[in-house]
Amino acid sequence: MLSRWTLLVLSCISLLLWPNAAFAEVDGAAAKEQPFDLFRGDSRPPNVLKAEGGFLPSLNPVPARLYSLIRHMGYRKGQYGRTITPYISTTKYLETAIQYAQYSASSATGSTYVYRISPTPHIFDTSQSVSLEIHKGMSKGVYDALGGILWQQVRGYYEIPLGASKEVMREILADPEKIYQPNPQYDTRFDEYRTSSGQPQLYVKSKEAYENAKEFMSRPGVGDVVGWQGDFPLFQEPLHEQKAVKEEEAYEEAMEAATQAKSASKETIKALKAIQKTNNVATALAEVNKASGAAKASIAGAKKVANIVQEHIGVGTYIYQEAKKRSERAREAVAQAIQEANSKAARSYFEEAKSLDKAQTLESARKAIEKVRQIADLKTTLKTKMSEMISTLDKVHQAIREEKESRPARISYNVQENIPSEDNVWALNREFYFEALPNELKVLQYGFDKMRDTMEFLSKLEAKAEAATETSRKILEKEKATAQEEVSDTSAEAATVQDQASTAPATNAALPNAVFYGDVLWPEEAKKQGGFHATADTMKNPKTAAFTLQAFADSDKFKRNMQSYFVKAHQTFGEAAEEAVAKTAELSKGFDPVVYTVHATPNMVKVGKEIAVAGGIVWPQVMAWTQVPRDYAMPSDGVKGKEELREHFDKAYQAKPERFLQKNEDYDAKFNEYTINDSAEDQKSLMSSEQPRKTFTDFMTKHGASVGFKGKLPLLEASKAVTSKASVAAKEKGTLSAPHEEGFFEEAWDFIKSHAVAVALLPAVLAANLIPGLGEIADAAEIAALTSEAVETTDVLLETGSIVAEKAAAVEAPAVEVAAVEAPAVEVPAVEAPAVEVPAVEAPAVEVPATEDNALTLESSGTAETTPLDEESEARAVEEQLSQAPEPPQGTVKDALSKSSKTKSLRLPGRPQRVKEPALTG
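Note that the sequence shown covers residues -24 to -1, 1 to 898 in mature numbering (1 follows the signal peptide of the UniProt record, and there is no 0).
Shown next as structure tokens:
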């Protein structure tokens, strides 16, 4: 029997006699398993990988400093967002590859793929290459290919549906050959090769690792098997040169945008400092305008950087981080600037009011009360902005809650999410969603705190101003009483005439049977989603206000994207076109919107001059459409009377083009029998109800059958809703059909320009006369007369300075003017504020946010080496990160302000490490 030492010597001799040391296995069991196929999960389909020549590093060639396995094993987002590494990871286990494919998918639907790869010597055992500590914690069966994997060594692939159930996965794993597809380009010469053993010389510092990597690939029978030419890259895709040029251009563009974000941020802070130094309120308000514009420019620059780095991995994350940081400083600085300007203006008004009150004359009394009103107007403007801010804060809090709830069931973390804040800057592949959400909440909370503090200051100052002008109020009350005694019989008669006019019954003209609706969506998109959604359709838990007509009536006070189950339509073409243009400016910049002619249905209610459509608009009730330029505006020419208005319509109808409104071939003639709802009782109940949700549902049950309401909201399927982002992307890619055939838009626009007044006031009730095949009337004069009469019954009269309609004269009673001058308001969130000339006052100091030196540092910083967290520790870290956000302000703005203690600003813990992924990272 051989001794233990004899066996040991014989074993060493066997290893020395091995054809290539690179193939030497550490344990005999592993050697016996050779050869075996490897697997790699990927979201890219076979045709893409074939075109690229196989699996390449995400940035090719990879910088020499990134060849260390230490960096590769970091399992974290590196400097370039997605991991840039020369190593392409594979696994011995099909199940592990499937899990990685699902995790790394960039979509929540569709398919992902697992590729079956023939082993070659440039692929080595990773677990035998790392430190003992990492070896103990990592998944077994991981093999890394140095430099890439050729398409010719891919045997075939498995197509795996995303989000497949556990049962489906078990069936696939039980018999994977059922779905296996062989690769016709596979080279059978790879059948004879096997992987290499561990390569610990690669688990060293970066510079040394690069040289060791070249040495490994240069060994006989290693790199030459896959075409090694002595240096990296191992191989390049056919379009490598073109892509390299695009990456360089993207880098230059990102640098330019980052510089814009930086310089504009500095301008914002400079304006803030100027406000703090000045004693002149007019100057302060002018600087607010500068700060607002600069902050917008900084945000725009940072957003551009975020878009670039999302698409171009070669642009460093440090550029994105710096640009985002600058934009956030600009937002904070403009919030402070607004606080300063409001405080200075209010204090000035207060001091002036006190001084004027002492004069004790009628004129000075009027001016004193006017100054008090100016403070009140500042508060009114601020309240509106605070309401918008509370709404945004609430949405971000909701997003955080949903993130916490959905995290356990999430398939992939590469699916694009949405942060519901207009000024937020975020790139998915450079910052995790669960990190970006609390960060945005912190910035929003800072701005809200400034608004709340300012509101408290204005409220106290307003109360002091009212007390200080008591004498002026008494003077005006006395003057008013004297004037009332001297009112003549003429004024009484005039009042009677006015009362009769206001109480006269409404015209009994026929109810509207059509309306206009403006939107950024083109017909193909609208048809795809079944019509036009209400904004509340996609919300999981819509607020009570979404069901009330009162909130709809007050919608102009809020952003257009407020939650509501009512859709705004119009009685005239011009109003709908302006609405569409406004939406374009917010949601779909760069593309012309569309005005749709929609047949009326009983779920429509008239609210003032607008039409509220309960639930939404279904596609079959759309009669026609026409595209309008994104810079369309209502004409400013006045119309002096009914005859002139009729002349405009007469000329327009005589010159009407063959193509102005394009007929919807899907229009259902069943809608011809409907008009809008004229029930005063229904309108009253929708306007204010103790049970808004029930009242709305009852209304739809009663009047929504015409549009297919079946007792449950939303009316249209929410999952089919086309987002503004998706709409813009489709238009940019050119995958959407244009609203009109070539030449149609130009012909229609020439008609609109030539007859601007007539088109602007064109009532929807007679629009059918311009739709081919829908009831044309031959006599243009008759149509013009009907149209001008219809305009009078729509109550759609444009503001003074624009188009005006003839009205009956009324005798006005003389009145004592108390405070005729409107108080200027200081706009609050990053918008321009009007300039006001007021005496100089000393304003309270507000701290300027700390700034760094002017240099924009765009150099790569070192990345700390970390060991991945285990799943339990990572879950705790994520939970802690998301739980730090403060609860949103509850109730109304008044409620938010009445709290005795201030809402604490958000404080976040240290940045957590990346959520642990499956072992594959390349």
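Ideal placement from N, C-alpha and C gives every residue a C-beta, glycine not left out.
Endpoints, beta strand (DSSP E) assigned at residue i
i    : result
K582 : 580 to 583
H575 : 570 to 575
Q104 : Careful: Q104 lies outside any beta strand (DSSP E) and carries neither H nor E.
V491 : 490 to 495
F166 : Neither: F166 is in no beta strand (DSSP E) and is coded neither H nor E.
G507 : 507 to 509
P157 : Contrary to the premise, residue 157 reads as Gln rather than Pro in this sequence. Where Q157 is concerned, the enclosing beta strand (DSSP E) stretches over 156 to 158.
Those residues which DSSP pairs with residue i across a bridge
i    : result
S65  : D120
R92  : F15, G132
T548 : P739
F31  : I125
V589 : V543, M580
P137 : S87
F433 : For F433, which the question treats as bridged, DSSP gives no partner whatsoever.
N653 : V581
F100 : D120, S172
Q638 : W601
V594 : G507
Alpha carbon of residue i to alpha carbon of residue j, nearest angstrom
i     : j    : result
D200  : D163 : 15 Å
T677  : H575 : 19 Å
F166  : V90  : 19 Å
I251  : M431 : 19 Å
I110  : L45  : 11 Å
Q157  : V130 : 11 Å
H546  : V589 : 10 Å
V557  : K330 : 46 Å
T357  : Q526 : 20 Å
Q336  : S700 : 59 Å
L(-8) : N188 : Confidence is the limiting factor: at L(-8) the pLDDT is only 32, short of 50, which leaves the residue's position unreliable and the question unanswerable from this model.
G86   : Q350 : 59 Å
P518  : F424 : 23 Å
Y79   : D207 : 33 Å
S661  : E623 : 42 Å
N484  : G591 : Bear in mind that the predicted position of N484 carries a pLDDT of just 36, short of 50, making it too unreliable to give a figure here.
P196  : Q218 : 33 Å
Y650  : K639 : 19 Å
K334  : T447 : 8 Å
E835  : V291 : Interpretation of E835 is limited by its pLDDT of 34, a score under 50 that renders its predicted location unreliable; the figure taken from the coordinates is listed afterwards. Straight-line Cα distance between these residues: approximately 12 Å.
heavy atom of the ligand GDP below 8 Å from residue i C-beta
i    : result
D658 : Absent from the structure shown: the ligand GDP. Ligands present: none.
Residue i classed as buried or exposed, judged by whether at least 16 other C-beta atoms fall within 10 angstroms
i    : result
S173 : buried
A705 : exposed
K582 : buried
P596 : buried
L420 : buried
G57  : Because the pLDDT of G57 is 49, which lies under 50, any placement of that residue in the model is unreliable, and the number read from its coordinates should be weighed accordingly. It is buried - the Cβ of G57 has at least 16 other Cβ atoms within 10 Å.
F672 : buried
E328 : buried
R16  : buried
K343 : buried
G584 : exposed
E243 : buried
N394 : exposed
E619 : exposed
E168 : exposed
V594 : buried
V496 : buried
S612 : exposed
For residue i, the first and last residue of its enclosing alpha helix (DSSP H)
i    : result
M599 : Careful: M599 lies outside any alpha helix (DSSP H), inside the beta strand (DSSP E) at 598 to 603.
H288 : Run containing H288: none; DSSP gives neither H nor E here.
N318 : 293 to 335
K670 : 668 to 679
N188 : 182 to 193
E224 : 216 to 253
H48  : 45 to 48
Anticipated Cβ contact below 8 Å, residue i with residue j, distance rounded
i    : j    : result
S241 : A306 : 4 Å
T573 : I747 : 7 Å
E500 : S695 : Contact doesn't hold; Cβ gap of about 18 Å is too wide.
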